[in-house]
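Here the structure comes first, spelled out in structure tokens, and everything after it is commentary.
Protein chains in written order, with our numbering: chain A, 666 to 840; chain B, 14 to 197.
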């Protein structure tokens with residue numbers, strides 16, 4: 666395993682204030698690096714190329730919607746794995762929901778292609794430079810991003826469901 | 014088996030005139046009888062109901078004894094579209110296309126809660142019942158239904174097939190029904 670202190674040292678000396686924080690999260694002791702969204706491509710490239718780190722495997726890429734974080738509602742998360750030393754880290758960036766744009770990771774990881782399409786599909790994150798950014802799982806005619814929390818999860822056309830049978834009160838009465 | 018043992022009369026003849034060497038009935042009754050015992054189903058199986066249907070097709074429940082010996086995997090030669098399982102909204106256009114490709118006369122059986130109403134999947138990505146996109150003749154409830162229920166559903170379809178008027182598919186009501194779904 667690569668010591669977290671080494672990664673922390675390399676990141677802070679290389680990027681300085683462009684990295685917002687480098688810390689271990691308490692539950693699983695995973696290293697979480699929060700970076701400025703404009704610098705994500707550079708950070709990923711640095712972690713990929715550095716011969717002591719070699720984070721060359723993108724385990725996953727996804728987004729999270731935090732409606733309460735004003736101005737940085739959409740978090741884009743990259744899970745990286747250094748196969749060479751079997752070390753995993755998390756990279757997080759926060760984007761405003763009004764303008765969720767970030768550089769693509771497909772130039773570095775071919776695996777990012779479908780993951781970014783999925784993230785676009787469900788959260789509406791625009792990945793600049795993606796070769797084919799279109800919906801991947803939902804139907805093309807869908808006109809919203811369903812995993813954003815302002816949209817209801819349920820379909821809403823069902824007439825056969827009595828809310829009291831599900832242990833919940835009807836909040837909005839039909840007028 | 015002795016020579017006097019009776020051969021069970023499986024299919025009752027329709028009402029008509031019988032004499033020495035002839036039997037006369039109306040054309041739609043004769044055609045209804047023929048169609049009833051030769052329904053070729055197209056299994057459109059997408060999830061666990063499809064597994065239950067495979068049990069229904071198998072030797073134990075033997076779907077074939079109702080004249081459905083041949084499951085048709087081409088919509089062109091199918092009479093009955095059996096939709097079994099959750100239909101995601103992305104699956105809706107292919108399902109509708111399969112229905113359109115089937116030749117008249119055609120019937121539709123919705124098997125299970127998902128195909129009938131969306132079932133437990135009250136969510137943005139799932140079609141809330143296939144009757145939103147194609148007309149349905151028989152709904153089989155259950156999650157998934159037992160093979161006995163599927164057979165009961167097929168018997169219901171058989172009754173519809175047997176009693177259908179030959180003019181039904183040309184009637185303005187039927188054309189209006191298809192137009193409601195944007196077909197033809």
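All C-beta atoms in this analysis are idealised placements derived from N, C-alpha and C, irrespective of residue type, glycine included.
None of these values were measured; they are calculated from a predicted model.
Checklist entry - What are the boundary residues of the beta strand (DSSP E) that residue 84 of chain B is part of? => result Note, residue 84 of chain B: premise wrong, no beta strand (DSSP E); not H, not E.
Checklist entry - Can you give the Cα-Cα distance for residue 690 of chain A and residue 812 of chain A, rounded to whole angstroms? => result Going from the Cα of residue 690 of chain A to the Cα of residue 812 of chain A covers about 25 Å.
Next on the checklist: Measuring straight from C-alpha to C-alpha, what distance separates residue 79 of chain B and residue 806 of chain A?
Outcome noted: Going by the C-alpha atoms only, they are around 41 Å apart.
Checklist entry - Anyone know if the C-beta pair for residue 792 of chain A and residue 770 of chain A falls short of 9 Å? => result Against a cut-off of 9 Å, the Cβ pair of residue 770 of chain A and residue 792 of chain A comes out as a contact.
Checklist entry - Leaving out the 5 sequence neighbours to the left and right, which residues in its chain are closer than 8 Å to residue 165 of chain B when beta-carbon positions are compared? => result Scanning its chain for C-beta atoms nearer than 8 Å, with the 5 sequence neighbours on each side dropped, one finds around residue 165 of chain B the residues 153, in chain order.
Checklist entry - Name the chain A residues that come within less than 7 Å of residue 207 of chain B, Cβ to Cβ? => result What the structure shows of chain B is the stretch from 14 to 197, and residue 207 of chain B is not part of that stretch, so it cannot be assessed.
Item to check | Cutoff 8 Å; reference residue 695 of chain A; Cβ partners in own chain excluding five residues on either side | outcome: The answer, listed in chain order, is 689, 753, 754 and 755.
Next on the checklist: Does residue 699 of chain A come out as helix, strand or coil in the three-state DSSP assignment?
Outcome noted: Assigned with DSSP and collapsed to three states, residue 699 of chain A falls in strand.
Checklist entry - What separation, rounded to the nearest whole angstrom, lies between the Cα atoms of residue 135 of chain B and residue 101 of chain B? => result Computed Cα separation, rounded: 11 Å.
Item to check | 3 or more residues per run - each beta strand (DSSP E) lying fully within the region 89-160 of chain B | outcome: List check, beta strand (DSSP E) in window: 93-97, 120-124 and 151-153.
Checklist entry - How about residue 136 of chain B: is its C-beta nearer than 9 Å to some C-beta of chain A? => result The beta carbon of residue 136 of chain B falls within 9 Å of a beta carbon belonging to chain A, placing the residue at that interface.
Checklist entry - For residue 130 of chain B, which residues in chain A fall below 8 Å Cβ to Cβ? => result Counting only Cβ-Cβ distances below 8 Å, residue 130 of chain B has contacts in chain A at 823 and 825, in chain order.
Next on the checklist: Could you tell me the alpha carbon to alpha carbon distance between residue 130 of chain B and residue 143 of chain B, rounded to whole angstroms?
Outcome noted: Separation of residue 130 of chain B and residue 143 of chain B (C-alpha to C-alpha, rounded to the nearest whole angstrom) is 7 Å.
Item to check | Separation of residue 787 of chain A from residue 89 of chain B, as counted between CA atoms | outcome: Residue 89 of chain B and residue 787 of chain A have their C-alpha atoms spaced approximately 37 Å apart.
Checklist entry - Does residue 109 of chain B get closer than 9 Å to chain A when you measure Cβ to Cβ? => result Not a single C-beta of chain A is nearer than 9 Å to the C-beta of residue 109 of chain B.
Item to check | Coil, strand or helix - residue 793 of chain A by DSSP | outcome: DSSP places residue 793 of chain A in strand when its eight states are reduced to three.
Next on the checklist: Using the three-state DSSP reduction, which class does residue 670 of chain A fall into: helix, strand or coil?
Outcome noted: DSSP places residue 670 of chain A in helix when its eight states are reduced to three.
Next on the checklist: Does the contact criterion of 3 or more C-beta pairs under 8 Å hold for the region 62-82 of chain B versus the region 105-119 of chain B?
Outcome noted: The region 62-82 of chain B, when compared against the region 105-119 of chain B, does not touch it at the 8 Å Cβ threshold.
Checklist entry - So which residues of chain A does residue 139 of chain B contact, with C-beta pairs closer than 9 Å? => result By Cβ distance, chain A contributes 820.
Item to check | Assumed close pair residue 790 of chain A, residue 760 of chain A - CB separation to whole angstroms, cut-off 8 Å | outcome: Right, their Cβ atoms sit about 7 Å apart.
Checklist entry - Which residues in the same chain as residue 188 of chain B place their Cβ atom closer than 7 Å to its Cβ, once the five residues preceding and following it in sequence are excluded? => result Cβ contact annotation for residue 188 of chain B (same chain, cutoff 7 Å, sequence separation greater than five): none.
Checklist entry - To the nearest angstrom, how far is it from the Cα of residue 840 of chain A to the Cα of residue 809 of chain A? => result Caution is warranted here: a pLDDT of 47 is assigned to residue 840 of chain A, below 50, making its placement in the model unreliable, and the coordinate value is therefore given only provisionally. Each residue's alpha carbon lies about 27 Å from the other.
Item to check | Close Cβ partners of residue 669 of chain A (< 7 Å) along its chain, the five nearest in sequence each way excluded | outcome: So the qualifying residues of the chain are 689 and 696.
Checklist entry - Got a sec, what are the start and stop residues for the beta strand (DSSP E) residue 727 of chain A sits in? => result For residue 727 of chain A, the enclosing beta strand (DSSP E) has its first and last residue at 722-730.
Checklist entry - Rounded to a whole number of angstroms, what is the C-alpha to C-alpha distance between residue 118 of chain B and residue 127 of chain B? => result Cα-Cα distance, rounded: 25 Å.
Checklist entry - So which of B/158, B/141 and B/172 has the shortest CA-CA distance to residue 822 of chain A? => result Of B/158, B/141 and B/172, the residue nearest in Cα terms is B/141.
Checklist entry - At a Cβ threshold of 9 Å, is residue 123 of chain B touching chain A? => result Not a single C-beta of chain A is nearer than 9 Å to the C-beta of residue 123 of chain B.
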